[in-house]
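**Q**
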Amino acid sequence: MADILPFHQKRAPMPDREPEPLWREVLGRSLRATREEQGGRLVDIAERAGISPQYLSEIERGRKEPSSEMIAAVTGALGVDLADLLAGIAGDVRQLRGAGPARRPAGPVLMAA
């Protein structure tokens, strides 16, 4: 069990592997792509979601990490199912990192900041 690290210690990055994509960036790209596919304007979607267009723009550009309530408001304004959005994002992450089917990590999951 020498390879098990305490929760507070980070594993050294693997030199031949790209860093994991940030959740907020993948989420933002997915929300923007959905809005644009629908032909929706940023100001209209933001108004329906009850947020400012500036904040929605920051979410779409991956600059803000929205709360679950905010994600629900935006997906509701877009008229998309949250589960479908999340499944699409999971597929995007797999594609971005060049991995096959999802695998559960052996240790604790650490999020990039």
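Numbering (our numbering), first residue to last: -2 to 110.
Cβ coordinates follow ideal geometry from the N, Cα and C atoms, glycine included.
Rounded to whole angstroms, what's the CA-CA distance from Arg91 to Ser49? Just pull it up for me.
**A** 31 Å
**Q** What's the C-alpha gap between Arg45 and Ile56?
**A** 15 Å
**Q** What residues in its chain sit with their C-beta under 8 Å from that of Gly37, if we drop five residues either side in the sequence?
**A** These residues qualify, in order along the chain: Leu75.
**Q** If we count the other Cβ atoms within 10 Å of its Cβ and call it buried at 16 or more, is Ala70 buried or exposed?
**A** buried
**Q** Could you tell me which of Arg60, Tyr52, Val40, Glu34 sits nearest to Val23, measuring between CA atoms?
**A** Arg60
**Q** State buried or exposed for Ala43, treating a residue as buried only when at least 16 other CB atoms are found within 10 Å of its CB.
**A** buried
**Q** In whole angstroms, what is the alpha-carbon distance linking Glu17 and Asp81?
**A** 21 Å
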